[in-house]
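Notes to accompany the following structure.
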Amino acid sequence: MYIALFYLFFFFSSVFTLPIFPLDDDEWDAVEESVVVEIIESHYESLVDAVLVSDIEDVLMTLSYTDAKQRILDDTRDILDLKDSHCQCLRNEMFVLGDILYDIHSASYDLVAPTIDAFNSQGSQLLQYMTEDELVSWMSSLNAVLLRRLQLLLDPKEIQAKLLDKMAKACHVRPFHRSNMKNTGNKSWADRIAASLHYRSPPDHRQQQLLSKNTQTQKNVAPFWTGYIDEIYDDLKTQMDDEVYQIVEYIREDML
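Everything in the sequence shown is counted per our numbering, starting at 41 for the first residue and increasing by one.
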């Protein structure tokens, strides 16, 4: 839906920057290949940008203006073992979550072009010489590669790990010095939070029991809002799959 004008821009910009001296067949092949790849990259960048901006806004609206917001605050308070009197530090938690999600949007957009370049470099056949079926197959394989990388960014547990880390700092749960973080690189987010809390407080058998119970419960349980993040990924997958034939048709009929 946002393909034609965008692609025409890149086509003409590429054509009018060609050198004026004659090109041999190999050089023309390279030019045509670069134009096709640039079109594909622009298509995916536009798609990822549009889907993530819309879906992230929807998720934040839902989580911020429903009962889900209080549940997020309660979960963070319990995991960090905060007392009610200290929960004022959580008042900006939804803004922090928003920052994390928009960082994911930026990272997702930025990975598109390098991923496509790397994927295309592995092939032995130029895109402009592929049949329609071959190009569809190539695009479908590219979708799978892109989606695997996007799924790593859209991991609810990793998102919650970042959220807890930022909220722990905001609530002064632990001193944030590099020396305090040594030997924690391979630990799960729950273990890291637990280690930080134990470092902060004098030995307290009751507190350690409570914290151990909280973190053990969380280790293998995804955040309750996992479904919202999964919907973003599902939306990306649906859009990518639905537009394969559209972009293939455009490339073959209008560009080659």
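Virtual Cβ for every residue (Gly too), placed ideally from N, Cα, C.
Where do the N-terminal and C-terminal ends of the alpha helix (DSSP H) with residue i fall, by residue?
i      : result
ARG188 : 172–193
ASP107 : It is not in any alpha helix (DSSP H) - ASP107 carries neither H nor E in the DSSP assignment.
GLU198 : 196–210
SER12  : Look at the range of the chain in this structure, 41 to 296, and you will see that residue 12 is not part of it.
LEU276 : 266–282
How big is the Cα-Cα spacing for residue i and residue j?
i      : j      : result
ALA230 : CYS127 : The pLDDT assigned to ALA230 is 47, lower than 50, so where the model puts this residue is not dependable; a value taken from the coordinates is nonetheless given after this. Near 20 Å, if we compare the C-alpha coordinates of CYS127 and ALA230.
LYS209 : SER82  : 38 Å
ARG189 : ASP205 : 23 Å
VAL80  : ASP121 : Per the sequence shown, the amino acid found at residue 80 is Ile instead of Val. Each residue's alpha carbon lies about 48 Å from the other.
ASN160 : VAL152 : 12 Å
PHE264 : ASP118 : 14 Å
SER177 : THR106 : 43 Å
ILE156 : SER104 : 35 Å
MET134 : ASP275 : 22 Å
CYS211 : CYS129 : 5 Å
SER252 : LEU187 : With a pLDDT of 47 at SER252, under the threshold of 50, the modelled position of that residue is not reliable, and the figure given next carries that caveat. Going from the Cα of SER252 to the Cα of LEU187 covers about 35 Å.
LYS277 : ILE269 : 13 Å
ASP173 : VAL71  : 23 Å
ALA108 : ALA201 : 18 Å
LEU182 : LEU175 : 10 Å
TYR84  : GLU283 : 10 Å
GLU73  : GLN286 : 19 Å
ILE96  : VAL213 : 28 Å
VAL77  : LEU137 : 34 Å
ALA147 : MET207 : 22 Å
VAL93  : LEU113 : 24 Å
GLY163 : ASP115 : 48 Å
Comparing C-alpha positions only, which one of the options sits nearest to residue i?
i      : options                           : result
ILE144 : MET207, ALA70 and LEU203          : LEU203
ASP98  : VAL71, CYS129, TYR285 and TYR142  : TYR142
ASP195 : GLY267, LYS277 and ALA158         : GLY267
VAL91  : ASP173, PRO154 and MET280         : MET280
ILE272 : LEU113, ASP89 and MET134          : ASP89
SER86  : ALA201, LEU182, ALA70 and TYR149  : TYR149
PRO154 : SER164, GLN200, ARG111 and VAL185 : VAL185
GLU298 : MET179, VAL136 and SER94          : As shown, the chain starts at 41 and ends at 296. That puts residue 298 outside it, with no answer to give.
ILE140 : GLU78, THR116 and GLU198          : GLU198
GLN110 : ALA158, ARG131, GLN168 and SER94  : ARG131
Take the Cβ of residue i as the centre, count every other Cβ of all protein chains shown within 10 Å, and call the residue buried at 16 or more, exposed below.
i      : result
LEU192 : exposed
ARG246 : Summary for ARG246: the model assigns pLDDT 42, below 50, so the residue's position carries little reliability, and this model does not support an answer.
VAL38  : Residue 38 lies beyond the residue range present for the chain, which begins at 41 and ends at 296; the question has no answer from this structure.
LEU166 : exposed
GLU293 : exposed
THR102 : exposed
Residue i CB to nearest chain D CB: under 8 Å?
i      : result
MET280 : Here chain D cannot be found, since the structure has a single protein chain.
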